[in-house]
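Q: Please read through the structure below; I'll follow up with questions.
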Amino acid sequence: MATTRKPLYDQIKEYLYRFIFDALQNDKETIPSEISLAIQFNVSRTTSRRAIEDLKREGFLLRKKGSGTYINKNLTEENRELLKSFSIALTQPTVASTRKTVSVIIPDLKSKYMMGILDGIQASATKNEWDVIIATSNYDQDLEESLIRKFIPYSHGLIIFPVNKTTYDKEIIKLTLRNYPLVVIDNLLHGVETSSITSDNKKSTYKIVQHFLKEGKKNIGVISNPFDSAISLLERYRGYRDALNEHSIPINKNLILNTLQHYSEHSVSDIQNFLIENPHLDAIICFNYELGIKTLSVIKEGFNLLTVNDLFIFDEEFEDFYNLLKYKPNFVKQNPFLIGETAFSIILEKHNRPDNLNRYVVIPEELVFSDR
1083 MATTRKPLYD
1093 QIKEYLYRFI
1103 FDALQNDKET
1113 IPSEISLAIQ
1123 FNVSRTTSRR
1133 AIEDLKREGF
1143 LLRKKGSGTY
1153 INKNLTEENR
1163 ELLKSFSIAL
1173 TQPTVASTRK
1183 TVSVIIPDLK
1193 SKYMMGILDG
1203 IQASATKNEW
1213 DVIIATSNYD
1223 QDLEESLIRK
1233 FIPYSHGLII
1243 FPVNKTTYDK
1253 EIIKLTLRNY
1263 PLVVIDNLLH
1273 GVETSSITSD
1283 NKKSTYKIVQ
1293 HFLKEGKKNI
1303 GVISNPFDSA
1313 ISLLERYRGY
1323 RDALNEHSIP
1333 INKNLILNTL
1343 QHYSEHSVSD
1353 IQNFLIENPH
1363 LDAIICFNYE
1373 LGIKTLSVIK
1383 EGFNLLTVND
1393 LFIFDEEFED
1403 FYNLLKYKPN
1413 FVKQNPFLIG
1423 ETAFSIILEK
1433 HNRPDNLNRY
1443 VVIPEELVFS
1453 DR
């Protein structure tokens, strides 16, 4: 059963309750600005301002004329109890073992890409005598938040493939405020200070478009999940856009299908309709493997004049048996093992040296052509 997302306004209020609880323990007085909250939660300043005004009315914040808004240090007992109800353990407890543990939260275990990331993390963790806890969020941000709260008291670091890049998980934000060892994979949380690892998605898509253009193909389509669901998809779109712009080819929104949800049962029929409605398509870039395989199956059914050579798929899954395939599509070869390996190395560095600066690492990709 799908969970119901709390309104962003309520998420901001809960975040502020927890922020104030933490601030009072550390003798701090200030809260994030309206603009900062608006950016973090992808809302208007009106929404973030309303949340702050509510906390003023409730007695958690004070307005000091001429200097701004501050945390009220003289809270009522009732308000202190309310803050505790929204808090989790904000200091890491001592784990009853000499071994360290890193927690890993990913959206699913259905792809070779995800398994490759886990293999890289596990290999590096084992080498350094760390344990690994793994869980899947199933693309559910509420579950993701719950898993973070559950794991953090027993972990010394967190590696996470976030569900959503636009509505920030408040538990992630809170960990960054504590300088907790944290690495985000395939997402850049703008306005939030944390280490991130991504593949070189923009450059790869740019090169794919250039390849198709050199072959005389100008009606190049895109099939994807919503671009705003992951920074990797947004970066791929930017590479597509920049390559077309460089050749003065305007973006044709009719050639972009980016409303498909992960593992939706309607994806195949949506792709069929997309190809039928765009008979002039002469090339397609699929922004992930699942949609790439579905598109390949639709093409082989004759819904368009496209051939397998007119298709490029991200998130390769079939390298080990590629030579056995009857239909060999072009694909982007990523390095998920290196992504996982690098993610753990950053956790280890941050655990050993908390003052280390956060890192943004881009892992190169390779284009594999079926006719080469």
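Numbering (this note's numbering) for the sequence shown: 1083 to 1454. Note that CB positions come from ideal geometry on N, CA and C, so glycine has one too. Everything numeric in this text was worked out from a predicted model, so none of it was measured.
1) Using the beta-carbon count (16 or more within 10 Å), is residue 1409 buried or exposed?
2) Is the beta carbon of residue 1415 less than 9 angstroms from the beta carbon of residue 1447?
3) Going by beta-carbon coordinates alone, are residue 1267 and residue 1254 separated by less than 9 angstroms?
4) Considering residue 1366, what are the terminal residues of the beta strand (DSSP E) in which it resides?
5) Can you find at least 3 beta carbon pairs, one from the region 1095-1104 and one from the region 1157-1168, that sit closer than 8 angstroms?
6) How long is the line joining the alpha carbons of residue 1158 and residue 1216, rounded to whole angstroms?
7) Alpha carbons only, please: which of 1184, 1190, 1275 is nearest the one belonging to residue 1206?
8) For a test of the three-state rule: what should DSSP assign to residue 1466, helix, strand or coil?
9) Go through the region 1186-1266 residue by residue and report every complete run of the alpha helix (DSSP H) that reaches 4 residues or more, in order.
10) For residue 1472, does the count of other Cβ atoms within 10 angstroms reach 16, so buried, or fall short, so exposed?
11) Which residue from 1265, 1228, 1300 puts its Cα closest to that of residue 1238?
12) What residue range is occupied by the uninterrupted beta strand (DSSP E) comprising residue 1347?
13) For residue 1382, which residues in the same chain have their Cβ closer than 7 angstroms to its Cβ, ignoring the five residues on either side in sequence?
14) Using a threshold of 9 angstroms, state whether the C-beta atoms of residue 1387 and residue 1411 are closer than that.
15) DSSP three-state call for residue 1155: helix, strand or coil?
16) Could you tell me the alpha carbon to alpha carbon distance between residue 1228 and residue 1220, rounded to whole angstroms?
17) Rounding to the nearest angstrom, what Cα-Cα distance links residue 1365 and residue 1201 in this structure?
18) Which class does residue 1181 belong to by DSSP, given the choice of helix, strand or coil?
19) So for residue 1096, helix, strand or coil by DSSP?
20) State buried or exposed for residue 1191, treating a residue as buried only when at least 16 other CB atoms are found within 10 Å of its CB.
21) So, are the CB atoms of residue 1151 and residue 1113 less than 9 angstroms apart?
22) Do residue 1489 and residue 1199 have their C-beta atoms within less than 9 angstroms of each other?
23) Out of 1154, 1133, 1144, which one is the CA nearest neighbour of residue 1103?
24) Mark residue 1435 as exposed unless 16 or more other C-beta atoms lie within 10 angstroms of its C-beta, in which case mark it buried.
25) Cβ of residue 1152 within 8 angstroms of any heavy atom in the ligand MN?
26) Classify residue 1390 as helix, strand or coil using the three-state DSSP reduction.
27) Can you list, in chain order, the residues of its chain with a C-beta nearer than 7 angstroms to that of residue 1336? Leave out the 5 residues immediately preceding and following it.
28) Can you tell me the Cβ-Cβ gap for residue 1188 and residue 1218, rounded? I've got them flagged as a contact below 8 angstroms.
29) Distance check for residue 1305 and residue 1376, CA to CA, integer angstroms please.
30) What does the Cβ neighbour count give for residue 1321, buried or exposed, with the cut at 16 atoms within 10 Å?
31) Around the C-beta of residue 1451, are 16 or more other C-beta atoms found within 10 angstroms, so that it is buried, or is it exposed?
A: The structure says:
1) exposed
2) yes
3) no
4) 1365-1368
5) yes
6) 41 angstroms
7) 1184
8) This structure cannot settle anything about residue 1466, because the visible part of the chain is limited to 1083 through 1454.
9) 1194-1209, 1223-1233, 1252-1259
10) Not covered by the structure: residue 1472. The range shown for the chain is 1083 to 1454.
11) 1265
12) No beta strand (DSSP E) holds residue 1347; DSSP gives it neither H nor E.
13) 1409
14) no
15) coil
16) 12 angstroms
17) 34 angstroms
18) coil
19) helix
20) exposed
21) yes
22) The structure shown does not extend to residue 1489, since the chain spans only 1083 to 1454, so no value can be given for it.
23) 1154
24) exposed
25) With respect to small molecules bound, the structure shown includes none, and the ligand MN cannot be examined in it.
26) helix
27) 1360
28) 6 angstroms
29) 10 angstroms
30) buried
31) exposed
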